[in-house]
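Notes to accompany the following structure.
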Amino acid sequence: MRVAALHSKKEDEYFTMSSDDGDMENQAELEEKTRLINQVLELQHTLEDLSARVDAVKEENLKLKSENQVLGQYIENLMSASSVFQTTDTKSKRK
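When you line the sequence shown up against full-length UniProt numbering, it's residues 1 to 95, in that order.
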């Protein structure tokens, strides 16, 4: 009996397939299935990692947007409180 064991690098997941007959064609098919399952597992883990990264970037983006709003309001308040940025009435200055 031939046994092929699959092991996912990221998790301790094992998949075992066995072939009772020693036929080479069946063994090649078993090895191909094993390879494909390992590839699928690796892609699943990559997708999980990318999804977690996207979530982290979205969260950071929201935080930065909020900080920008606070800073924008702060600058606006400083400008309105400063006489340098006050609008002048040009008609009254001409008289």
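From the three backbone atoms N, C-alpha and C, an ideal C-beta is built for every residue, glycine too.
Please report the straight-line C-alpha distance between residue i and residue j, rounded to a whole angstrom.
{"i": "Lys65", "j": "Thr87", "result": "29 Å"}
{"i": "Ala52", "j": "Thr46", "result": "10 Å"}
{"i": "Ser82", "j": "Val54", "result": "42 Å"}
{"i": "Gln73", "j": "Asp49", "result": "37 Å"}
{"i": "Glu60", "j": "Gln69", "result": "14 Å"}
{"i": "Asp23", "j": "Ile37", "result": "21 Å"}
{"i": "Lys33", "j": "Glu67", "result": "51 Å"}
{"i": "Gln44", "j": "Ala28", "result": "24 Å"}
{"i": "Phe85", "j": "Glu42", "result": "59 Å"}
{"i": "Val40", "j": "Val57", "result": "26 Å"}
So, for residue i: in the same chain, excluding its five sequence neighbours on each side, which residues have a beta-carbon less than 7 Å away from its beta-carbon?
{"i": "Asn77", "result": "none"}
{"i": "Leu71", "result": "none"}
**Q.** Start-end ranges of the alpha helix (DSSP H) lying completely within the region 29-86, minimum 4 residues
**A.** If we require 4 residues or more, the region 29-86 turns out to have no alpha helix (DSSP H) run fully inside it.
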